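Have a look at the structure below before the remarks.
Number of protein chains: 2
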Amino acid sequence: MSDDCVLPKSDVQAEACPIVQIIDRVAGKWSVSILVAAIRNPVRYTELERSVPGISRRMLTLTLRNLERDGLLERTVYPTVPPKVEYSATPSARELYGHLTGLLEWAERHQPDIIEARKAYDEQALAA
Amino acid sequence: MSDDCVLPKSDVQAEACPIVQIIDRVAGKWSVSILVAAIRNPVRYTELERSVPGISRRMLTLTLRNLERDGLLERTVYPTVPPKVEYSATPSARELYGHLTGLLEWAERHQPDIIEARKAYDEQALAA
DNA sequence: CGGGATCCTTAAGGATACTG
DNA sequence: CAGTATCCTTAAGGATCCCG
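Just so you know, the protein sequences line up as chains A and B, in that order. Just add 119 to wherever you are in the first sequence, counting from 1, and you've got our numbering. Just add 119 to wherever you are in the second sequence, counting from 1, and you've got our numbering.
What follows is the structure, encoded as structure tokens:
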């Protein structure tokens with residue numbers, strides 16, 4: 120336990136620009152979904168499990184741990200029975216969120232274009 | 120050849136929000152590096168191979184094809200000998216680039232914090 | 001409820017050889 | 001030069017059981 124990295128390992132060695140690594144981490148499918156869910160108000164584990172569609176318990180836990188480790192989420196445990204744990208976005212995450220929404224907005228605006236571009240590309244490829 | 124998707128496959132089924140999928144695609148390690156490299160002026164295959172640090176020929180080709188398919192890169196072949204192929208960013212990609220730099224900038228600004236947060240987290244975890 | 005540990009499957013990705 | 005095709009390794013991720 121407590122490896123250099125919590126997630127399985129994504130960097131082979133010195134693997135280039137660490138900045139790109141960070142983006143890759145933070146803009147990943149699970150991270151984005153979780154951050155978006157946690158940005159408004161603190162969320163609980165089970166809440167995320169339901170609101171993040173296809174996520175498995177394993178990936179939910181792993182991604183949460185990484186986001187916490189990177190200082191993007193704060194984990195608060197309420198020592199009640201049954202236990203209650205809440206994850207809330209840190210200031211750093213809120214700043215990030217602004218840029219993520221920029222990306223999100225771009226993706227939304229261009230989704231139709233992308234879909235059409237793919238169709239065109241695929242049809243073109245069919246003309247083998 | 121010419122599957123629904125060129126890259127091996129990242130979505131299991133209906134797998135949730137397609138917007139997040141797009142971001143995942145476009146903000147991936149290889150895509151970001153390639154887009155950044157291609158934004159100023161058209162780049163050639165071999166140029167990318169050298170400028171994108173750890174990328175393999177396979178991933179370079181695969182990622183290029185996907186970016187082309189999504190309408191983010193335009194591929195131009197000059198029928199010379201030896202052949203010359205250039206990849207240039209489309210308007211769509213240039214728009215995206217603005218948001219990517221936002222993310223890049225965030226990552227740069229917060230890199231020290233992240234590194235420290237990780238150290239703190241790891242030391243804390245060592246107190247088992 | 002909120003996980004940790006383990007096992008197993010699939011997908012991501014690297015290396016290399018070959019080609020127009 | 002700019003790939004494609006193939007083979008193979010590793011890492012991502014799912015399913016499940018268990019525990020405080």
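Ideal placement from N, C-alpha and C gives every residue a C-beta, glycine not left out. The structure displayed is predicted, hence computed values, not measured ones.
- Non-local C-beta neighbours of V162(B) in its own chain, meaning closer than 6 Å and more than five positions away in sequence, comprise A156 and Y206, ordered along the chain.
- Annotation for P198(B): no residue places its beta carbon closer than 7 Å to its own, counting only its chain and skipping 5 residues before and after.
- When Q230(A), L215(A) and P172(A) are compared, the shortest CA-CA separation from E224(B) is found for L215(A).
- When the alpha-carbon of D143(A) is set against those of T182(A), R177(A), P202(A) and A208(A), the nearest one is in T182(A).
- Contact residues of the stretch 150 to 163 of chain A toward chain B are V151 and S152 (C-beta to C-beta distance below 7 Å).
- Secondary structure at R163(B): strand, using DSSP grouped into helix, strand and coil.
- Using a Cβ distance threshold of 7 Å, E193(B) and T180(B) do not count as a contacting pair.
- Around V151(A), the same chain offers L219 as residues with beta carbons nearer than 7 Å, after the five sequence neighbours per side are excluded.
- Under a 10 Å Cβ-count criterion, G147(B) is classified as buried, with 16 or more other Cβ atoms of the shown protein chains found around its own Cβ.
- Within the DSSP secondary-structure output, A208(B) pairs in a beta bridge with L192(B).
- Contact note: Y197(A) does not reach chain B at a C-beta cutoff of 7 Å; the least C-beta distance is about 19 Å.
- Nearest Cα to G173(B) within the set A244(B), R213(B), A212(B) and W149(B): W149(B).
- For A244(A), the closest of S170(B), Q243(B), E187(B) and S175(B) by C-alpha to C-alpha distance is E187(B).
- In this structure, the alpha-carbon of A246(A) lies about 11 Å from that of A239(A).
- Here the C-alpha atom of L154(A) lies approximately 8 Å from the C-alpha atom of A212(A).
- Only residues of its own chain outside the window of five on either side were considered, and among them I174, R176 and L179 have a CB closer than 8 Å to the CB of E168(B), listed in chain order.
- For N160(A), the closest C-alpha among the options T195(A), V139(A) and E235(A) is that of T195(A).
- Residue contact check for L222(A) against chain B: a CB pair falls below 7 Å.
- When C-alpha distances from D241(A) are compared across V200(B), R228(B), E166(B) and N185(B), the shortest belongs to N185(B).
- The beta carbon of A212(B) does not come within 7 Å of any beta carbon belonging to chain A, so the residue lies off that interface.
- Within its own chain, the residues whose Cβ lies closer than 6 Å to the Cβ of S170(B), once the five positions on either side in sequence are excluded, are A156, listed in chain order.
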